[in-house]
Structures are given as C-alpha cells and as structure tokens.
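Numbering (this note's numbering), first residue to last: 7 to 79.
Glycine included, each C-beta is placed from N, C-alpha and C at the ideal position.
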C-alpha cells in the first residue's frame, strides 16, 4: 500500500492531524487546514476510520497521518 504524506491523491486529501487555536482537530494537507470530527487515521500501516477523533488520547493526536474523502461539490 502506498501512503501519501500530504496533498490530494486519488479521491482523498492526505495530511497530518493537529489541534487548531480553538482546540479543534484539523487535518493539515500542507496548503490548507480542514476542521474535522472524523477521518481515516493511519494505524499500524492501515487506514482505520475513526468517527469521533476527540475520543483519541489527546497527546497522541498531533502528528498522526490521516486522510479524508474529497467531497463532490
């Protein structure tokens, strides 16, 4: 499985999770930050969908690789 670090690839935006100034979780793709509540997070070489990111250990969230599905406009 090829893992992308940042940016848009195929149908997903890839990036890293961080906390914003207002303590929300955001996905940073290197260009833009997306406030999110759910994402597919890379855990042990596989992407796992987590629908409530705020339930993760707050110390482990910053820097996790994640991806979100692109929304059709």
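In whole angstroms, what is the alpha-carbon distance linking residue i and residue j?
| i | j | result |
| --- | --- | --- |
| residue 17 | residue 31 | 21 Å |
| residue 64 | residue 54 | 18 Å |
| residue 77 | residue 33 | 15 Å |
Buried or exposed: which applies to residue i, given that a residue is buried once 16 or more other Cβ atoms fall within 10 Å of its Cβ?
| i | result |
| --- | --- |
| residue 49 | exposed |
| residue 73 | buried |
| residue 21 | buried |
| residue 35 | buried |
Can you tell me whether residue i is helix, strand or coil according to DSSP?
| i | result |
| --- | --- |
| residue 76 | coil |
| residue 49 | strand |
| residue 7 | The predicted model places residue 7 with a pLDDT of 44, which falls under 50 and marks its position as unreliable, so this point remains unresolved. |
| residue 23 | strand |
Beta-carbon separation of residue i and residue j under 7 Å?
| i | j | result |
| --- | --- | --- |
| residue 67 | residue 56 | no |
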